[in-house]
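J.:
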Amino acid sequence: RLLNLYRPGIMLYGFYPSNEMKESCPTILKNVISLKAQIVQIRSVKKGEFIGYGEHFYTNEETLVGVLALGYADGLARALGNRIQVAINNQLAPLIGKVCMDQCFVKLNDIQAKEGDEVILFGDKSAKANDASEIAVLLNTIAYETISTLSKR
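UniProt numbering applies: residue 1 is where the sequence shown begins, and numbers increase by one.
(1) Rounded C-beta distance between Q112 and Q85? I'm assuming under 8 Å.
(2) Return helix, strand or coil for T63, following the three-state DSSP convention.
(3) Based on the DSSP output, what are the partners of C25 in its beta bridges?
(4) Ignoring anything shorter than 4 residues, give me the alpha helix (DSSP H) runs that lie fully in the UniProt domain "Alanine racemase C-terminal" (32-152), in order along the chain.
(5) Based on Cα-Cα distance, which residue from N109, V65, D124 lies nearest to F50?
(6) Would F15 pass as a contact of A129 if the rule is Cβ separation under 9 Å?
(7) Hey, out of I88, V99, T141, V67, whose CA is closest to H56's CA?
(8) Quick one: residues in its chain with C-beta nearer than 8 Å to the C-beta of A73, no 5 flanking neighbours on either side, listed in chain order?
(9) Give me the Cα-Cα distance between N89 and L108, rounded to the nearest whole angstrom.
(10) Buried or exposed for I96, going by 16 or more other Cβ atoms inside 10 Å?
(11) Among V40, Y58, A37, whose alpha-carbon lies nearest the alpha-carbon of K47?
(12) Mind reading off the beta-carbon distance from I28 to E115? Whole number of angstroms is fine, and I expect it under 8 Å.
(13) For A69 versus A93, is the C-beta distance shorter than 9 Å?
(14) From S34, V32, E61, P8, pick the residue whose C-alpha is nearest to that of C25; which is it?
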């Protein structure tokens, strides 16, 4: 007797197990996981300053910076600094500088935002945010790792 089994795994969360599966599978999946934070502080930084550890972001103009209380201790990869845009009020803002242990920074010069506003680092495609699979590609890994490193903090 022949049985057919299907093991959905990560597909239950709306992600394909691999890019190969995504290309070969006609099923459209809906992402059910989002990583969100709030802007806890907004500061104006003068032209010619560095933001964050290691001087990885230089302000070549006066820059409005939003501070998010989310960092690598929460599962946000350090390597995402200066590499992704996040969604704030259906607008995209770059994540700038290195991701710190407990915080990260977004450039708000062209964004209408205030302290307390929600920031979507990945998840809700209707808000223009990346999804975990897109983040995984940037990090040269898989969506499993992107979501399994998130902590309860």
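All residues carry an ideal CB built from backbone N, CA and C; glycine is no exception.
T.: On the basis of the supplied data:
(1) So it is not a contact: roughly 15 Å between Cβ atoms.
(2) T63: strand per DSSP, three-state reduction.
(3) None, per the DSSP bridge assignment.
(4) Every alpha helix (DSSP H) stretch that sits fully inside the UniProt domain "Alanine racemase C-terminal" (32-152) and reaches 4 residues is listed by chain position as 132-138, 143-148.
(5) Nearest of N109, V65, D124 to F50, Cα basis: V65.
(6) F15 is not a Cβ neighbour of A129, given a cutoff of 9 Å.
(7) It is V99.
(8) Taken in chain order, the residues that qualify are M101, D102, S151, R153.
(9) Take the alpha-carbon of N89 and the one of L108: they are about 12 Å apart.
(10) Counting other Cβ atoms within 10 Å of its Cβ, I96 reaches 16 or more and is therefore classed as buried.
(11) Nearest of V40, Y58, A37 to K47, Cα basis: Y58.
(12) The C-beta separation of I28 from E115 comes to about 37 Å, leaving the pair out of contact by the 8 Å criterion.
(13) Cβ distance not < 9 Å, so A69 and A93 don't count as in contact.
(14) The option with the nearest alpha carbon to C25 is P8.
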